[in-house]
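**Q** Counting with our numbering, you get residues -16 to 398 for the letters of the sequence shown. Sharing a structure, written as structure tokens. Questions coming.
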Amino acid sequence: AVRRWKRGDVNINTPYNSTTTMALRTLALKQTRPLLSTSSRHTTASFSTDLPRLTERRPDEIGRGGRASDAGVKVALFGATGFLGRYVSSGLGSNGTLTYIGTRGDEFAYRHLRPHYELGRAKFSYYSSRDKQSMADIIADADIVINLIGKYYDTKALENTEKFPFFKYGVSTSVWEANVEVPKMIAELCTEMQVDNLIHVSSAAANGESASEWARSKAEGEKEVLQVYPWATIVRPTQMFGHEDKLLNGYAKMAERFPVIPLVDGGHALTQPVYVDDVARTINRIVDDPEMFEGRRVDCFGPQDLSYAELAKFVYDITEQEPTLSDVPAEVVKYGANVLQYEGNPLMTPDMVDLMTEDYLPEMTAEKYAAQKQLGKVFTMKDLGVDATPIEKVAFKYLYRFRKGGHFIHAEGYH
């Protein structure tokens, strides 16, 4: 097959071959524009103001604007049914982006995403992460691929065996497969199919030396993606909070079920939660001008850090639940986590316990991010014109439902 790849004013006819593609892509990048760090338009002082605005009409956009327009951009989105995915999907639909959405479930798994788009602006396709061609069919002729796929626990299911009792509880999709092998496959497809841009969502906790397998797999997945597709944009959020989160909701749900809530090693480890919609807006800003962020990293984090003990107390101040918070060593907490991990959507796993023994923070402080030189700069949400939303501005909206009596328990009469 012969494919045509276009980058700026450079048109390349090349056989469908990944090695040739990589070489020609590198040549085209050199010919079409200077490095990001040398561009006068991308200075620290003017960076956020020079970004494309989502409310402005793009040069090639047609239609009435917003959701009812054609943004002239095609995006393939993996992981759209997840926590972050639904917010990214909403942003793409709100700006008239033609979106190809991959799903492994039936119609009920993604029907909540349909209202995000005008009729005909979203294509939902089934794929298997073990069927490369099914994933290639979703990418199709997309200009940008966004990978949000990730997993924090092994999906387990009953499997047949030849010996008594003739079944076992086996792993169907592992953390390593979801966080390493699948992102690598997507990056390989982007290279082979000559996709212009790839946005890969990793994590601020990604660390090859972490005690947590999840954190190690995130670091390895990021490494594999960049090795195959060096121009990928890496987005690294800290723990995300929002209406459907497992962070704050997790504490409240635990208090509904158990009278004592364990704080792993006293809950002294720090985290810096970021609002999920802020991360989604950041990703949509990258979609506006993806070439600006090729081969770069964007770190997303909230305005303040908290210990897990402080976070638990914050949640229970809102919900007015009164569990006993107990300082418990990580190895002891794992005994309970070993049981809870077999739930369909576990509140706690042994690996999560390991993760909670370590700080979950961005690489630098906000001041150090701002003081960086342009060459090799790690971008933040602020660079993209997105201000971090404080956790106290959002948390009450979805945690009050855990109160006995709900939102109006303290109100007298109607007013």
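The beta-carbon is built from N, C-alpha and C at its ideal position, and this holds for glycine as well.
In whole angstroms, what separates the C-alpha of I266 from that of A187?
**A** Numbered from 1 along the sequence shown, position 283 holds the residue referred to as residue 266. Numbered from 1 along the sequence shown, position 204 holds the residue referred to as residue 187. The alpha-carbon atoms of I266 and A187 are separated by roughly 15 Å.
**Q** Please go through the stretch 132 to 205 and give each complete beta strand (DSSP E) segment of 3 or more residues, from N-terminal end onward.
**A** Counting whole runs of 3 or more residues, the stretch 132 to 205 contains the beta strand (DSSP E) stretches 138 to 143, 150 to 156, 180 to 184.
**Q** Would you report the Cα separation of D261 and G88, rounded to the nearest angstrom?
**A** Here residue 261 refers to the residue found at position 278 of the sequence shown. Here residue 88 refers to the residue found at position 105 of the sequence shown. Distance between the alpha carbons of D261 and G88 is about 27 Å.
**Q** What would DSSP say about F107, mapped onto helix, strand or coil?
**A** One-based indexing of the sequence shown puts residue 107 at position 124. Strand at F107.
**Q** Would you call the stretch 189 to 198 and the stretch 335 to 347 in contact, with 3 or more CB pairs under 8 Å?
**A** The answer is yes - the stretch 335 to 347 touches the stretch 189 to 198, with three or more Cβ pairs under 8 Å.
**Q** Can G79 and G49 be called in contact, C-beta distance under 8 Å?
**A** The residue given as residue 79 occupies position 96 in the sequence shown. The residue given as residue 49 occupies position 66 in the sequence shown. Yes, they are a contact pair.
**Q** Just to confirm the assignment, what range does the beta strand (DSSP E) spanning H245 have?
**A** Here the question's residue 245 lines up with position 262 in the sequence shown. The question names His, but residue 245 in the sequence shown is Pro. First-last of the beta strand (DSSP E) with P245: 243 to 247.
**Q** Identify the continuous beta strand (DSSP E) that holds Y83 and give its terminal residues.
**A** Along the sequence shown, one-based indexing puts residue 83 at 100. That run of the beta strand (DSSP E) goes 81 to 86.
**Q** Exposed or buried, which one is S155 when buried takes at least 16 other CB atoms within 10 Å?
**A** Start at 1 with the first residue of the sequence shown, and residue 155 comes out as number 172. It is exposed - the Cβ of S155 has fewer than 16 other Cβ atoms within 10 Å.
**Q** What residue range is occupied by the uninterrupted beta strand (DSSP E) comprising A354?
**A** Walking along the sequence shown from the start, residue 354 turns up at place 371. Looking at the DSSP string, A354 is not in any beta strand (DSSP E), and its letter there is neither H nor E.
**Q** How is the alpha helix (DSSP H) around D271 delimited, first residue to last?
**A** The sequence position of residue 271 within the sequence shown is 288, counting from 1. Looking at the DSSP string, the run of the alpha helix (DSSP H) that includes D271 is 259 to 271.
**Q** Once the 5 residues before and after E303 are set aside, which same chain residues still bring their CB inside 7 Å of it?
**A** What you label residue 303 is simply residue 320 of the sequence shown in a count that begins at 1. Closer than 7 Å at the Cβ level, and outside the excluded window around E303, lie R386.
**Q** Assuming the contact rule is C-beta atoms closer than 8 Å, G133 and E142 should be a hit. Round their C-beta distance to whole Å, please.
**A** In the sequence shown, residue 133 corresponds to position 150, counting from 1. In the sequence shown, residue 142 corresponds to position 159, counting from 1. Going by Cβ atoms, the distance from G133 to E142 rounds to 24 Å, so no, they are not a contact pair.
**Q** Is it buried or exposed for P242, if we count other Cβ within 10 angstroms and need 16 for buried?
**A** If you number the sequence shown from 1, residue 242 lands on position 259. Classification of P242: exposed, given that the 10 Å Cβ count is below 16.
**Q** What three-state label does DSSP hand A320 in the structure shown?
**A** As a working note, residue 320 is residue 337 in the sequence shown. Correct three-state label for A320: helix.
**Q** Is the Cβ of E375 closer than 8 Å to any Cβ of chain C?
**A** Protein chains in the displayed structure number just one, and chain C is not present.
**Q** Nearest to D288 by CA position, among V311, K296, T254, is which residue?
**A** Translated into positions along the sequence shown, residue 288 becomes position 305. Residue T254 is the option with its Cα nearest to D288.
**Q** Give the DSSP-derived three-state secondary structure of T302 in the structure shown.
**A** One-based indexing of the sequence shown puts residue 302 at position 319. If DSSP states are grouped into helix, strand and coil, T302 belongs with the helices.
**Q** By the 10 Å Cβ neighbour count, where 16 or more other Cβ atoms means buried, how is T9 classified, buried or exposed?
**A** The sequence position of residue 9 within the sequence shown is 26, counting from 1. Any reading at T9 is ruled out, since the residue's pLDDT is 41, under 50, leaving its predicted position unreliable.
**Q** Of the choices V218, D179, T174, whose alpha-carbon is the least far from that of R280?
**A** For this step, residue 280 is matched to residue 297 along the sequence shown. The shortest Cα separation from R280 among V218, D179, T174 belongs to V218.
**Q** For the structure I just gave you, are there three or more beta carbon pairs, one from the stretch 56 to 72 and one from the stretch 92 to 102, closer than 8 Å?
**A** Touching, yes.
**Q** Which residues does DSSP list as the beta-bridge partners of R219?
**A** On the sequence shown, residue 219 is found 236 positions in, with the first residue counted as 1. For R219, which the question treats as bridged, DSSP gives the partners D282.
**Q** Mapping DSSP to helix, strand and coil, what is I127?
**A** Locating residue 127 in the sequence shown gives position 144, where the first residue counts as 1. Correct three-state label for I127: strand.
**Q** From P333 to A51, what does the alpha carbon distance come to, in whole angstroms?
**A** By one-based count along the sequence shown, residue 333 stands at place 350. By one-based count along the sequence shown, residue 51 stands at place 68. If you take the alpha carbons of P333 and A51, they lie about 47 Å apart.
**Q** May I ask which residues mark the beginning and end of the alpha helix (DSSP H) holding L330?
**A** In the sequence shown, the residue the question calls residue 330 occupies position 347. That residue, L330, is in no alpha helix (DSSP H); it is neither H nor E in DSSP.
**Q** Would a C-beta distance cut-off of 8 Å place S185 and E207 closer than the cut-off?
**A** By 1-based counting over the sequence shown, the position of residue 185 is 202. By 1-based counting over the sequence shown, the position of residue 207 is 224. No. Outside cutoff.
**Q** Where does A59 fall in DSSP's three states?
**A** For the purposes of this step, residue 59 is taken as residue 76 along the sequence shown, with counting starting at 1. DSSP places A59 in strand when its eight states are reduced to three.
**Q** Since T307 sits in a beta bridge, which residues does DSSP pair it with?
**A** Within the sequence shown, numbered from 1, the residue matching residue 307 stands at position 324. In DSSP, T307 forms a bridge with V243.
**Q** Between L181 and the rest of its own chain, which residues show a CB-CB distance below 6 Å, the 5 nearest in sequence each way excluded?
**A** Residue 181 sits at position 198 when you count from the first residue of the sequence shown. If we look at L181 and ignore the five residues flanking it on each side, its Cβ neighbours are V128, C173, Y212, A215.
**Q** Just mark K151 as buried or exposed, buried being the case when its beta carbon has 16 or more other beta carbons within 10 Å.
**A** Here residue 151 is taken as the residue at index 168 of the sequence shown, counted from 1. When all chains shown are included, K151 counts as exposed.
**Q** Identify, in the order they occur along the chain, each residue of the same chain with its Cβ nearer than 6 Å to the Cβ of T26, setting aside the five sequence neighbours on each side.
**A** In the sequence shown, counting from the first residue as 1, residue 26 sits at position 43. Residue confidence for T26 is low, a pLDDT of 34 falling below 50, so the modelled location carries little weight; the figure read from the coordinates is stated next. Same-chain partners within the cutoff: there are none.
**Q** DSSP state of L294, grouped into three classes?
**A** Along the sequence shown, one-based indexing puts residue 294 at 311. Here L294 sits in helix by DSSP.
**Q** Mind reading off the beta-carbon distance from F224 to V369? Whole number of angstroms is fine, and I expect it under 8 Å.
**A** Locating residue 224 in the sequence shown gives position 241, where the first residue counts as 1. Locating residue 369 in the sequence shown gives position 386, where the first residue counts as 1. Their Cβ separation, rounded to whole angstroms, is 15 Å, which puts F224 and V369 out of contact at 8 Å.
**Q** Can you name the start and end residues of the alpha helix (DSSP H) that E227 belongs to?
**A** For the purposes of this step, residue 227 is identified with residue 244 of the sequence shown, where counting begins at 1. Note, E227: premise wrong, no alpha helix (DSSP H); not H, not E.
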